[in-house]
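Accompanying notes for the structure given below.
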Amino acid sequence: MNELEDIEIQLLLEGVARFYGYDFRNYALASLKRRIANVLRAEGVKTVSALQERVLHDAACLERFLLAMTVNVTAMFRDPHFYLTFMTKVVPLLRTYPFIRIWHAGCSSGEEVYSMAILLHEAGLYDRCRIYATDMNAAVLAQAKAGIFALNKMQEYTNNYLKAGGSQSFSQYYTAAYERAIFRPWLKEHITFSQHNLATDGSFNEFNVILCRNVMIYFNKDLQARVHHLLYESLSLFGVLGVGQAESLKFTPHEHQYAEIVSGERLYRRIS
Amino acid sequence: MTFELVVIGASLGGLHAVATLLGGLPGNFGLPVAIVQHRHRESEGALATVLQRASKLPVCDVEDKQAIRSGIVCLAPADYHLLVERDVFALSTEAPVLYSRPSINVLFESAADAYGPQVIGIILTGASADGADGLAAIKAAGGLAVVQDPATAECRVMPEAALESVVADHVLPVPAIATLLTQLGAGELKVAP
Ligand SMILES: C[S@@+](CC[C@H](N)C(=O)[O-])C[C@H]1O[C@@H](n2cnc3c(N)ncnc32)[C@H](O)[C@@H]1O
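First to last, the sequence lines map onto chains R and G.
Residue 4 is where the first sequence starts when you use my numbering, and the numbers rise one by one after that.
Residue 95 is where the second sequence starts when you use my numbering, and the numbers rise one by one after that.
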């Protein structure tokens, strides 16, 4: 409980929000503090005030700061049973639509998006889909667009894919080159990558499916409420919302306008 | 000093130790309990089920921003770090710390930061150095540091690492830790309105 540092953090976030428009003021504090401590070490500065001076006056430092403020850890078919449930319970609903719009909010470097594209391809639905993959972070979006991931992850991802009910050979979806797995370009034919900030930007379309997983855990309850409102507004009636394994809609502003599709699987359907 | 939160870290051999500890707490135990037990990343739910059998208190995997409540035993969910804010739990998927996610250090350091001297930190059996820095942070913030007596631990590496990094207030076998907690928790009950 370092009172001075808490004040310095508030001032830093205030400065960054007002000058650059990146608003971290309503992020969950405990993990944010850890990340700020990491930045202090990486930048070799002793106080948050010294970091503030640098972030506000040095654009290159801002870029590093932004990347360090968000947690971008992700994986293909993370929580395989989520995808399995999606395949068995949500895909049949989607089959009834002529055209399907999907939003991955907070897609990070894109592993989740390519997983979904593969799933939809195997369900025979991909050609009817348009996927919008957004993140506030330009650097991770560039990686997502490239669709190139570390080759040494492929064993883990193959296991996840199989547990998620994947029915083909996972290796057909990428070519290996040096240490990298380059995913097939046709997988991103129906994906649009763009920058969108859940803390400050508004709704930009209406979707049949929205996935926002492991993003809101970094927000405090006020910002979570804002985002839930935004997602609700952006979801069509009977559209499907998926959140992370340890998140739920309990105590969120629109919880009563959703019905859980399968208990415990973090997939909800908008019912009003 | 009145305490407001108990945090427990356990690794190899922890299942038995944590079950014994929880089994020794009364059904009206008056403090919130948060636990990081190192676990496989796909072990969802199973740990809570096993520990619930031993515990008179309700045991659950934490959901993001769940309120911190007395008498409830909260587990770090598989593959997430568990952190403490004032009054709520928070989760993170940050990279593993000392090869662990959940990490004991992450829980303990956030507890020390949010609750200062009102935290009781407990390190149990394990084959890792995780928890040593976290327990030191709790102690530095004025909280109480408790370590399982290494001689009684299924794996003594983790308690020994903790004892190297901090002068513990109590070094005890697990059943005695339960008794200590019960007494400290009861003190808390007396001052409650
Ligand atoms: C842990 S990743 C989650 C990735 C993926 N959805 C998953 O579950 O594996 C969190 C992502 O949220 C993004 N993020 C954080 N704050 C955001 C905001 N205000 N608006 C949009 N994206 C944000 C981060 O840049 C990061 O890429």
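Glycine included, each C-beta is placed from N, C-alpha and C at the ideal position.
Quiz prompt | Continuous alpha helix (DSSP H) stretch holding residue 276(G): start and end | solution = One-based indexing of the second sequence puts residue 276(G) at position 182. Where residue 276(G) is concerned, the enclosing alpha helix (DSSP H) stretches over 268 to 285.
Exercise. Would you mind giving the Cβ-Cβ distance between residue 257(G) and residue 251(G), rounded to the nearest angstrom? I have them listed as a contact below 8 Å.
Key: By one-based count along the second sequence, residue 257(G) stands at place 163. By one-based count along the second sequence, residue 251(G) stands at place 157. Rounded, the Cβ-Cβ distance is 11 Å, inconsistent with contact.
Practice problem: Pull up the DSSP beta-bridge partners for residue 114(R), would you. | Solution: To locate residue 114(R), count along the first sequence from 1; it is residue 111. According to DSSP, which records beta bridges pairwise, residue 114(R) is partnered with nothing at all.
Exercise. Following the continuous alpha helix (DSSP H) through residue 249(R), name the residue where it begins and the one where it ends.
Key: Start at 1 with the first residue of the first sequence, and residue 249(R) comes out as number 246. No alpha helix (DSSP H) holds residue 249(R); DSSP gives it neither H nor E.
Practice problem: Less than 8 Å between the CB atoms is what I'm expecting for residue 70(R) and residue 142(R), so what's the real figure, rounded? | Solution: Position 67 of the first sequence, counted from the first residue, corresponds to residue 70(R). Position 139 of the first sequence, counted from the first residue, corresponds to residue 142(R). At roughly 5 Å, the Cβ-Cβ gap stays under 8 Å, so residue 70(R) and residue 142(R) are in contact.
Practice problem: Taking all protein chains shown into account, decide if residue 283(G) is buried (16 or more other Cβ within 10 angstroms of its Cβ) or exposed. | Solution: Sequence index remark: in the second sequence, residue 283(G) carries index 189 (1-based). For residue 283(G), the predicted model reports a pLDDT of 39, less than 50, meaning its position is unreliable; a value from the coordinates is still stated below. It is exposed - the Cβ of residue 283(G) has fewer than 16 other Cβ atoms within 10 Å.
Practice problem: Determine the chain B residues that contact residue 101(G) at a beta-carbon separation under 8 Å, and present them in chain order. | Solution: Going by chain labels, chain B is absent from the structure shown, which instead holds the protein chains R and G.
Exercise. With residue 102(G) as the anchor, note down where its beta strand (DSSP E) starts and where it stops.
Key: As a first step, residue 102(G) must be located in the second sequence, where it is residue number 8. Note, residue 102(G): beta strand (DSSP E), 99 to 104.
Quiz item: What does residue 224(R) reach in chain G if we use C-beta pairs closer than 8 Å?
Solution: For the purposes of this step, residue 224(R) is identified with residue 221 of the first sequence, where counting begins at 1. In chain order: 159 and 182.
Practice problem: Whole angstroms is fine: what's the gap from residue 56(R)'s alpha carbon to residue 28(R)'s? | Solution: For the purposes of this step, residue 56(R) is identified with residue 53 of the first sequence, where counting begins at 1. For the purposes of this step, residue 28(R) is identified with residue 25 of the first sequence, where counting begins at 1. Roughly 18 Å separates the two Cα atoms.
Exercise. Kindly indicate which three-state DSSP category residue 168(G) falls into: helix, strand or coil?
Key: Mapped onto the second sequence, residue 168(G) falls at position 74. Residue 168(G): strand per DSSP, three-state reduction.
Practice problem: Flag residue 278(G) as yes if its beta-carbon sits less than 8 Å from any beta-carbon of chain R, otherwise no. | Solution: Residue mapping note: residue 278(G) aligns to position 184 of the second sequence, counting from 1. Chain R, which has no Cβ nearer than 8 Å to the Cβ of residue 278(G), makes this no.
Practice problem: Indicate whether at least one CB of chain G lies closer than 8 Å to the CB of residue 74(R). | Solution: The sequence position of residue 74(R) within the first sequence is 71, counting from 1. It does: the Cβ of residue 74(R) has a partner Cβ on chain G nearer than 8 Å.
Quiz item: Any chance the CB of residue 119(R) is under 7 Å from a heavy atom of ligand 2?
Solution: This structure lacks ligand 2; its bound ligands are ligand 1.
Quiz item: Are the C-beta of residue 23(R) and some C-beta of chain G separated by less than 8 Å?
Solution: For this step, residue 23(R) is matched to residue 20 along the first sequence. Not closer than 8 Å to any Cβ of chain G, the Cβ of residue 23(R) fails to qualify, so no.
Quiz item: The alpha helix (DSSP H) spanning residue 64(R) covers which residue range?
Solution: The sequence position of residue 64(R) within the first sequence is 61, counting from 1. Where residue 64(R) is concerned, the enclosing alpha helix (DSSP H) stretches over 62 to 72.
Self-check item: Residue environment, residue 285(G), which counts as buried when at least 16 other CB atoms sit within 10 Å
Solution: Counting from one through the second sequence, the residue named residue 285(G) turns up at place 191. Reliability fails at residue 285(G), whose pLDDT of 36 lies under 50, so the model's placement of it is uncertain and no value is given.
Quiz prompt | residue 146(G), DSSP secondary structure in three states | solution = Within the second sequence, residue 146(G) is the residue found at index 52, counting from 1. Reduced to three states, the DSSP call for residue 146(G) is helix.
Quiz item: What's the call for residue 248(R), buried or exposed, on a 16-neighbour Cβ count within 10 Å?
Solution: The count along the first sequence starts at 1 and reaches residue 248(R) at position 245. Buried: at least 16 other Cβ atoms inside 10 Å.
Practice problem: Anything in the region 226 to 250 of chain R with a Cβ closer than 8 Å to a Cβ of chain G? List those residues in chain order, please. | Solution: 227, 247, 248, 249 and 250
Practice problem: Return no unless some Cβ of chain G is closer than 8 Å to the Cβ of residue 156(R). | Solution: If you number the first sequence from 1, residue 156(R) lands on position 153. Output row for residue 156(R): interface = no.
Quiz item: Can you find a C-beta in chain R that's less than 8 Å from the C-beta of residue 174(G)?
Solution: Within the second sequence, the letter at position 80 stands for residue 174(G). So, interface residue.
Quiz item: Based on the DSSP secondary-structure assignment, which residues constitute the bridge partners of residue 241(G)?
Solution: For this step, residue 241(G) is matched to residue 147 along the second sequence. Answer is 217(G) and 265(G).
Quiz item: In whole angstroms, what separates the C-alpha of residue 67(R) from that of residue 15(R)?
Solution: Numbered from 1 along the first sequence, position 64 holds the residue referred to as residue 67(R). Numbered from 1 along the first sequence, position 12 holds the residue referred to as residue 15(R). If I take the Cα positions, the gap works out to 15 Å.
Quiz item: Residues in its own chain within less than 7 Å of residue 141(G) by CB, not counting five upstream and five downstream?
Solution: The residue given as residue 141(G) occupies position 47 in the second sequence. Correct list, in chain order: 131, 133 and 169.
Quiz prompt | Cβ distance (whole Å) where residue 115(G) is taken to contact residue 221(G) below 8 Å | solution = Your numbering for residue 115(G) matches position 21 in the second sequence. Your numbering for residue 221(G) matches position 127 in the second sequence. Their Cβ separation, rounded to whole angstroms, is 19 Å, which puts residue 115(G) and residue 221(G) out of contact at 8 Å.
Quiz prompt | For residue 48(R), three-class secondary structure by DSSP | solution = Counting from one through the first sequence, the residue named residue 48(R) turns up at place 45. If DSSP states are grouped into helix, strand and coil, residue 48(R) belongs with coil.
Practice problem: Report the residue from 229(G), 210(G), 208(G) and 211(G) whose alpha carbon sits nearest the alpha carbon of residue 218(G). | Solution: Looking up residue 218(G) in the second sequence gives position 124. The residue with the shortest Cα to Cα distance from residue 218(G) is 229(G).
Quiz item: Exposed or buried, which one is residue 107(R) when buried takes at least 16 other CB atoms within 10 Å?
Solution: Here residue 107(R) corresponds to residue number 104 of the first sequence, with the count starting at 1. The residue is buried, with at least 16 neighbouring Cβ atoms inside 10 Å.
Quiz item: Would you say the region 174 to 187 of chain G touches the region 145 to 164 of chain G, given that touching needs at least three Cβ pairs under 8 Å?
Solution: yes
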